[in-house]
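Just so you know, the sequences run in chain order E and P.
According to numbering that gives the first Met the number 0, the first sequence is numbered sequentially starting from 0.
According to numbering that gives the first Met the number 0, the second sequence is numbered sequentially starting from 0.
Before any comments, here is the structure.
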Amino acid sequence: MPLSTSSLRARIESSLGQHLSSTLFLREKAAPLTVSTGVAKLDALTGGLPRGALSEITGPVSSGRTGVMLAALAGATRREEACALVDASDSFDPASASAAGVDLDRLLWLRCSDNNSSSPRRSSRRSSLGRLEQVLKVTDLLLQGGGFGMVVLDLGDIPPESARRVPLTSWFRFRRAVEPTATVLLVLEQEPCAKTCASLVVRLQRIAMCASNAALLLQETEIHGWKVLSHAEPAIPSANEISHAALLQGMQLHAEVLRSWTQRKPVHSVGANFELRAAW
Amino acid sequence: MFACIYIPDFPVAAIIRVEPLLRDRAVAVLDGKPPQVRVAALNNKARLLGMNIGMTKIQAAIFAIPQHEGDTSATAKSDRKKKSPPIELDSQRIKAQSKPAAAILRQRSTAQEESSHAALLDVVHAFTPRVEDTHPDRLLLDLDGLERLYGPPSAIARELASRVSTLGLDANIGVAANSDAAMHAACGFGGVTVIPAGEEARRLGVLPINVLLDSFEITGSNSSENSTAAREREKLSEQMFDTLERWGVRDFRTLALLPEHALAARLGEAGAHLQRLARGATMRTLALCEPSVRFEEAMDLESPVETLEPLSFLLNRTLDQLCTRLEARALAVQELTLRLQLEPRVGDEQAITLEELAGASHTALLPSSGPSGTITTEAQRSQRNFLKDTPCSKPARSELEGCLHGKSFSFEYSNGNLYARTLRLPVAMRDSNVFLKLLQLDLSAHPPGAPVCKLWITAEPAIPRSAQRGLFLPVTPEAEKLEITLARITGVVGERRAGIAKLLDTHRPAAFRMERFVSQTESQTTEASPTLSGWATEAPIALRIFRPARQVRVQVSEGRPCNLVPPARNGERDALRGKILWSAGPWRSSGDWWAQQSSAQHSTEDAQVWDREEWDIALASGKNVDVVLYRIYRDIATGDWFADASYD
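Okay, here's the thing in structure tokens:
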């Protein structure tokens with residue numbers, strides 16, 4: 000009597016399954032370990048930044064991307080992990096980072112720039128490299144070297160049309176490089192460009208800005224579709240510090256998940272609102 | 000028990016250690032100043048060719064001619080015949096031509112001999128601290144107490160031979176109950192010889208008398224003895240050898256059998272001492288030496304090396320030897336200095352002196368006296384392209400600052416054709432591959448600029464890392480890999496553009512200093528910033544700095560900025576234009592005005608005068624009327640406006 004397919008499979012699995020598990024069994028992909036973004040509402044929305052995967056945080060200028068990046072870096076350095084920041088436009092502010100809680104001693108800052116003139120002998124060669132090429136090279140080296148808990152590619156000031164020119168193979172290579180590691184690869188940009196290589200894509204948008212101490216605004220109003228909040232002027236701190244940035248606190252952001260490792264294609268857009276706080 | 004390590008033909012062995020490919024070749028070492036250049040040492044293969052110690056350079060050169068050249072250049076042969084003793088040379092030439100391989104002639108290298116001797120001492124000191132540095136080619140060890148570690152004396156001797164062979168040296172090992180007998184056994188017999196106590200006279204009896212006189216000459220002298228006394232001793236030794244030769248005494252046994260009193264009456268106390276040595280009946284205390292703390296390997300190059308690739312091979316070999324020495328002493332490297340002697344070139348007088356560069360720097364590592372290179376190079380050789388760079392160009396100021404602030408590499412130049420690079424490691428390492436890669440990356444970034452004639456590598460020893468890693472420790476990069484990665488990255492982004500940012504104790508905006516990134520695994524955990532408290536739920540506002548600040552034109556209305564237009568010459572900054580929706584400010588700040596006079600002498604990280612008026616603005620710009628927050632400021636001194644940063 001011929002055996003049915005299921006019984007035949009069950010027999011084969013029982014006899015050879017231990018040795019041929021990879022071929023006979025459908026392996027379920029385990030959920031990746033995640034780390035906190037440093038923002039509770041964003042963690043609740045996204046489940047955290049996955050380790051061994053590529054995550055993208057996108058948004059226009061002044062949408063709070065850098066703040067989220069610093070919060071994530073602060074969390075990573077607080078866990079005593081080594082972090083690296085590939086700064087495509089040399090725009091990182093160590094004072095902001097320190098105020099946000101980033102342990103600068105654990106953050107390797109790589110300042111890419113096409114106007115590099117530190118070594119006149121090689122300036123001609125370097126200028127031809129271009130920022131993006133430097134970023135890709137440096138990121139490759141970092142990921143191959145390994146050992147970093149979080150690697151951040153800051154392409155926030157790179158125009159989207161330039162960032163889109165990064166070949167998809169590079170993103171694949173980066174994803175493959177971090178997959179077997181515990182590294183969080185975080186990319187900051189204006190528009191998503193890693194496509195299917197990204198495990199998590201979050202778009203940030205500012206929904207309200209704060210205009211504290213603004214002379215022109217006396218109450219909550221709307222300018223060009225933006226809600227503008229006017230707060231009373233806060234007290235000047237006693238410390239002799241440049242404190243005007245403190246007036247910006249209260250900026251409201253909206254985060255939207257475009258792609259997630261929990262749902263491959265989250266067609267329904269989910270979002271959360273949270274505020275930025277000035278760290279100074 | 001005592002052991003003696005003897006390296007036969009030590010000058011040749013020192014050269015073969017650096018050039019292992021010569022191991023199967025006949026090698027002769029030349030020494031002396033022209034025209035008195037003679038063969039000072041040779042190996043057994045060279046002896047089989049018919050070469051002897053004391054040959055002139057011209058005589059030795061006959062044996063260095065390859066066979067096919069010897070057959071074809073008949074004219075040259077006749078010329079050489081005229082210059083050399085006719086009969087002897089002719090027979091020697093015939094012998095040489097009958098052999099397939101020609102001899103290799105090398106100039107004697109004192110530096111390489113010193114390196115080999117130091118390496119030998121390092122290996123021996125790993126066995127026991129009771130070591131006598133008898134002579135460059137022989138060392139004496141007291142083996143008392145080593146049986147528990149290594150077993151019987153024969154096992155100790157085999158282990159010694161094995162360790163010495165890792166250095167690339169072939170040693171004879173002699174073990175005996177007294178130090179002199181051990182030395183005679185090592186010098187007289189090949190390989191490992193163990194003489195049980197009481198059998199010294201019988202076992203040593205077959206040795207020729209010149210072995211005894213050699214050791215008599217060496218052990219009788221000491222370091223404080225001046226050259227006149229040494230010559231006297233040499234003369235005495237030669238006289239004794241002649242006397243014993245006339246008496247027909249040609250080996251130890253014959254000398255040992257002579258009547259003691261009669262010998263003393265004829266040759267004095269020295270003769271009696273010689274007889275006791277021949278009987279293996281002497282006993283003396285070893286003059287112990289301290290282990291060296293200096294690890295240096297040198298290599299003389301026969302012909303200058305012009306490109307990085309062959310230089311890398313030489314560096315690899317030298318680093319391997321250095322790491323073997325360090326491994327023998329269970330040490331690692333904290334700082335590595337590479338010095339290259341360059342071929343003389345035109346315009347060296349324009350080179351920057353060490354004092355000029357280092358200034359008050361504490362990183363000066365060059366010795367006060369220049370290296371004594373012995374290799375002869377072709378003077379005034381035509382200039383060659385060495386990696387298309389010049390060593391005489393003044394380095395960038397930023398590089399000098401990097402040196403002063405503890406960068407991974409520093410540089411030192413000298414006007415004596417000496418080029419030096421120093422590699423400072425954040426943690427102690429002992430991986431020659433890592434060192435090689437770091438030096439390669441550094442040399443490719445900072446090429447010497449001229450062919451290399453000689454190289455030295457000096458290691459600053461340190462205690463190796465001892466870290467007990469755990470399974471649940473945070474992720475940190477491996478120190479060795481990290482160094483290579485950083486060196487590669489520095490090659491891409493440039494000097495001082497990879498590291499950690501250290502905030503300076505000043506109110507000056509964006510004041511920081513770049514420092515070297517070090518993996519924090521072994522270091523103390525830094526204290527958490529006080530701003531961290533209660534900081535987990537909200538993201539901070541951050542600044543994105545424009546480096547350099549972008550100049551803008553601001554239209555001011557009622558004392559407040561109201562419109563932003565880019566300068567006419569900078570039309571591509573489209574983002575920085577538009578209507579200012581609101582503005583907050585001004586906040587005035589100034590500082591370092593007290594250091595205005597001396598600011599010119601300071602680096603960029605030091606005092607810089609600033610006096611500015613800052614504004615936060617919301618700018619409506621772009622096609623989609625996006626609102627972006629910027630920080631702009633007006634330079635009070637010039638009245639110019641600049642966009643400093645954006646809020647994100």
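Where is the CB? At the ideal position from N, CA and C, for every residue including glycine.
Give the secondary structure of residue i by DSSP, where H, G and I count as helix, E and B as strand, and everything else as coil.
{"i": "Cys186 (chain P)", "result": "helix"}
{"i": "Phe9 (chain P)", "result": "helix"}
{"i": "Cys322 (chain P)", "result": "helix"}
{"i": "Ile52 (chain P)", "result": "coil"}
{"i": "Lys501 (chain P)", "result": "strand"}
{"i": "Met0 (chain P)", "result": "coil"}
{"i": "His260 (chain P)", "result": "helix"}
{"i": "Lys453 (chain P)", "result": "strand"}
{"i": "Gln238 (chain P)", "result": "helix"}
{"i": "Asp430 (chain P)", "result": "coil"}
{"i": "Gly590 (chain P)", "result": "strand"}
{"i": "Asn171 (chain P)", "result": "strand"}
{"i": "Ala87 (chain E)", "result": "coil"}
{"i": "Leu260 (chain E)", "result": "Reading off the sequence shown, one finds Trp at residue 260 (chain E), where the question assumed Leu. Three-state DSSP puts Trp260 (chain E) in coil, outside helix and strand."}
{"i": "Ile206 (chain E)", "result": "strand"}
{"i": "Ala52 (chain E)", "result": "strand"}
{"i": "Asp92 (chain E)", "result": "coil"}
How many angstroms separate the CA atom of residue i from the CA atom of residue j?
{"i": "Asp104 (chain E)", "j": "Val451 (chain P)", "result": "39 Å"}
{"i": "Ala286 (chain P)", "j": "Ala118 (chain P)", "result": "19 Å"}
{"i": "Val101 (chain E)", "j": "Ile14 (chain P)", "result": "55 Å"}
{"i": "Val200 (chain E)", "j": "Val517 (chain P)", "result": "32 Å"}
{"i": "Val193 (chain P)", "j": "Glu479 (chain P)", "result": "44 Å"}
{"i": "Ile157 (chain E)", "j": "Arg611 (chain P)", "result": "29 Å"}
{"i": "Arg495 (chain P)", "j": "Glu514 (chain P)", "result": "8 Å"}
{"i": "Phe545 (chain P)", "j": "Ala644 (chain P)", "result": "5 Å"}
{"i": "Glu398 (chain P)", "j": "Leu140 (chain P)", "result": "With a pLDDT of 38 at Glu398 (chain P), under the threshold of 50, the predicted position of this residue should be treated as unreliable, and no value is reported."}
{"i": "Pro191 (chain E)", "j": "Ile499 (chain P)", "result": "28 Å"}
{"i": "Ile456 (chain P)", "j": "Pro159 (chain E)", "result": "50 Å"}
{"i": "Leu152 (chain E)", "j": "Thr475 (chain P)", "result": "18 Å"}
{"i": "Pro33 (chain P)", "j": "Leu141 (chain E)", "result": "56 Å"}
{"i": "Ala63 (chain P)", "j": "Leu104 (chain P)", "result": "7 Å"}
{"i": "Met50 (chain P)", "j": "Leu41 (chain P)", "result": "8 Å"}
{"i": "Leu154 (chain E)", "j": "Arg549 (chain P)", "result": "19 Å"}
{"i": "Ala331 (chain P)", "j": "Gly167 (chain P)", "result": "21 Å"}
{"i": "Leu472 (chain P)", "j": "Asp139 (chain E)", "result": "25 Å"}
{"i": "Ser14 (chain E)", "j": "Lys436 (chain P)", "result": "51 Å"}
{"i": "Ala45 (chain P)", "j": "His445 (chain P)", "result": "42 Å"}
{"i": "Asp30 (chain P)", "j": "Pro135 (chain P)", "result": "16 Å"}
{"i": "Ser153 (chain P)", "j": "His124 (chain P)", "result": "19 Å"}
{"i": "Gly150 (chain P)", "j": "Ala27 (chain P)", "result": "39 Å"}
{"i": "Arg172 (chain E)", "j": "His116 (chain P)", "result": "50 Å"}
{"i": "Leu438 (chain P)", "j": "Leu337 (chain P)", "result": "8 Å"}
According to DSSP, residue i sits in a beta bridge with which residue or residues?
{"i": "Gln550 (chain P)", "result": "P:Phe641"}
{"i": "Lys578 (chain P)", "result": "P:Asn562, P:Ala619"}
{"i": "Glu613 (chain P)", "result": "P:Trp586, P:Tyr632"}
{"i": "Glu334 (chain P)", "result": "P:Arg423, P:Glu459"}
{"i": "Ala40 (chain P)", "result": "P:Val28"}
{"i": "Val150 (chain E)", "result": "E:Ala83, E:Leu184"}
Measure how close the beta-carbons of residue i and residue j come, nearest whole angstrom, since I'm counting them as under 8 Å.
{"i": "Arg4 (chain P)", "j": "Ala170 (chain P)", "result": "The sequence as given places Ile at residue 4 (chain P); Arg does not occur at that position. Yes, Ile4 (chain P) and Ala170 (chain P) are in contact; Cβ-Cβ is about 5 Å, under 8 Å."}
{"i": "Gly187 (chain P)", "j": "Val210 (chain P)", "result": "5 Å"}
{"i": "Asn177 (chain P)", "j": "Gly279 (chain P)", "result": "7 Å"}
{"i": "Glu80 (chain E)", "j": "Gly37 (chain E)", "result": "At roughly 13 Å, the Cβ-Cβ gap does not stay under 8 Å, so Glu80 (chain E) and Gly37 (chain E) are not in contact."}
{"i": "Glu108 (chain P)", "j": "Asp299 (chain P)", "result": "According to the sequence shown, residue 108 (chain P) is Ser rather than Glu. The Cβ separation is near 4 Å, so the contact holds."}
{"i": "Glu334 (chain P)", "j": "Glu233 (chain P)", "result": "Not a contact, Cβ separation roughly 42 Å."}
{"i": "Asp625 (chain P)", "j": "Val608 (chain P)", "result": "Actually they are not in contact, since the Cβ atoms of Asp625 (chain P) and Val608 (chain P) sit about 36 Å apart, beyond 8 Å."}
{"i": "Asp121 (chain P)", "j": "Arg328 (chain P)", "result": "5 Å"}
List, in chain order, every chain B residue whose beta-carbon is nearer than 9 Å to that of residue i.
{"i": "Ser62 (chain E)", "result": "No chain B appears in the structure shown, which is made up of the protein chains E and P."}
Margin query: If contact is defined by three or more beta carbon pairs under 8 Å, each pair taking one atom from either stretch, is the region 198 to 212 of chain P in contact with the region 303 to 318 of chain P?
Written below: Between the region 303 to 318 of chain P and the region 198 to 212 of chain P, the count of Cβ pairs shorter than 8 Å is below three; the stretches do not touch.
Margin query: Across the region 420 to 436 of chain P and the region 293 to 310 of chain P, are there enough close Cβ pairs to call them in contact, namely three or more that are closer than 8 Å?
Written below: The region 420 to 436 of chain P vs the region 293 to 310 of chain P: no contact.
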